[in-house]
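Residue numbers (my numbering): 1 to 395. Written below as structure tokens is the structure these notes are about.
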């Protein structure tokens, strides 16, 4: 199995981008890509560079550093070394009507580029790219499935063996990270949400798993410090009766799977926790069965939510006022991608989209229960690649 996309696949992605842009504005001059993950998607490498796709269908990848690395890693032609944006201007001339990734294109970058390019009319291209990335190729699915296989082994077998009384959340995170790297983890989990940092994801013992977070998710994590709300709390130690919440992405060759597993340490979970967890398993199963081509994500969300008993809804998908308004999200080069199983997402699902479903229920002063697994959209419903809904694992 190849570990990188072929030239043919990259050219197909570029062609899809070109066609998507033409449907939005047929008179554009160029699409300018600076996001490194998007650069990787279209070129097979990620550098300090700029990928440009012009209205005539031609492309060029301009690399400041490292040009040598780019030449080694991408199978594409038309790779040029630059020292400034002026070199791009000298090669392709002015750009007036352009598509930019407006979600990450800072004013300072725009000002520097405007020294050479007119940029009279700017249109956003990020949503079109997200939709292209939402449907995975066979190559991409192979990488995500490899991630999912390793993820299942990690959560079902490795993590239970790492739990030791008296260890801190931070210590557990470091041991999980070490084990992940050992079985093939790429070393980082990437999130598209602006200024979101993560090493592997979220981890918390009991009450720390519902600590307020700075991102839109049903779980929580206190983290090391207000300056670094990641990697777990070094002062929270594992004790008998703790619920252990592990919600992490597994990155493999750029592509992720996403899974959550709940553990109970040296005790039997209370009946109300078991019941709520089983309800979340049932919700996940019903939701994943609806992951078929042509189904509307918002309709899935509203159908599932309307079927949940009203008594279960308080603290479902977040505690108190921190409830989130989704049941699942796309997964790929980022852990959080298009589409989202939520209101407002009305484009039909397509075959080979990859979606994580994560119903969870919080309990004041106790913690969180629930599940999350990653599924491929197929004509028969979601095909799970991370093991499927699993009961609380008692360690």
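All C-beta atoms in this analysis are idealised placements derived from N, C-alpha and C, irrespective of residue type, glycine included.
Our two residues, residue 186 and residue 147, have alpha carbons roughly 10 angstroms apart in a direct line. In the DSSP assignment, residue 374 forms a beta bridge with 356. Under DSSP, the beta-bridge partners assigned to residue 257 are 250.
Taken through DSSP and simplified to helix, strand or coil, residue 44 comes out as coil. The straight-line gap separating the alpha-carbon atoms of residue 300 and residue 225 is approximately 38 angstroms. Judged by pairs of C-beta atoms under 8 angstroms, the stretch 287 to 296 touches the stretch 375 to 389, as three or more such pairs exist. Check the Cα spacing between residue 269 and each of 234, 145, 313, 363: the tightest is with 363. For residue 320, the closest of 50, 365, 329, 125 by C-alpha to C-alpha distance is 365.
Less than 8 angstroms separates the beta-carbon of residue 100 from that of residue 125. Remark: C-beta atoms of residue 284 and residue 357 approach each other more closely than 8 angstroms. In chain order, 283, 286, 287, 327 place their CB closer than 7 angstroms to the CB of residue 304, counting only its own chain and leaving out the 5 sequence neighbours on each side.
In the three-state reduction of the DSSP assignment, residue 93 falls in the coil class.
In the DSSP assignment, residue 328 falls within the unbroken beta strand (DSSP E) covering 328 to 330. Sequence-distant partners of residue 156 (beyond 5 residues in either direction) whose C-beta falls short of 8 angstroms from its own C-beta, in its chain, are 261, 387, 390, 393.
Counting C-beta atoms within 10 angstroms of its own C-beta, residue 340 has 16 or more neighbours from the protein chains shown and is therefore classed as buried.
For residue 201, the enclosing beta strand (DSSP E) begins and ends at 201 to 205. Sorting 179, 253, 167 by C-alpha distance to the C-alpha of residue 235 places 167 at the top. Relative to residue 133, the option among 142, 68, 37 whose CA is nearest is 37. Relative to the Cα of residue 72, the nearest Cα in the group 54, 50, 85, 46 belongs to 46. In this structure, residue 25 places its C-beta atom within 8 angstroms of the C-beta atom of residue 97. Residue 310 counts as exposed, since fewer than 16 other beta carbons sit within 10 angstroms of its beta carbon.
Cα atoms of residue 316 and residue 360: separation of roughly 6 angstroms, rounded to the nearest angstrom. The DSSP-derived three-state label of residue 197 is coil.
Between residue 214 and residue 229, the gap from beta carbon to beta carbon is short of 8 angstroms.
If you ignore the 5 residues before and after residue 43, its C-beta comes within less than 7 angstroms of the C-beta of 10, 51, 61, 74, 76, all in its own chain and listed in chain order. Under a 10 Å Cβ-count criterion, residue 49 is classified as buried, with 16 or more other Cβ atoms of the shown protein chains found around its own Cβ. Burial is judged here by how many other beta carbons sit within 10 angstroms of a residue's own beta carbon; residue 194 has fewer than 16 and is exposed. Out of 337, 221, 212, 336, the CA that lies nearest to the CA of residue 323 is found in 212.
Taking 8 angstroms as the cut-off, the beta carbon of residue 239 is found closer than this to the beta carbon of residue 165. By the criterion of a C-beta distance shorter than 7 angstroms, residue 296 is surrounded in its chain by 346, 348, once the five residues flanking it on both sides are discounted.
Counted as a single uninterrupted DSSP element, the alpha helix (DSSP H) harbouring residue 138 occupies residues 138 to 153. Only residues of its own chain outside the window of five on either side were considered, and among them 55, 97 have a CB closer than 8 angstroms to the CB of residue 27, listed in chain order.
The beta carbon of residue 57 lies closer than 7 angstroms to those of 18 in the same chain, with the five residues before and after it left out.
A direct Cα-Cα distance of roughly 42 angstroms separates residue 3 from residue 275. Pairing residue 233 with residue 208 gives a Cβ-Cβ distance under 8 angstroms. In the displayed model, residue 22 falls within a helix according to three-state DSSP.
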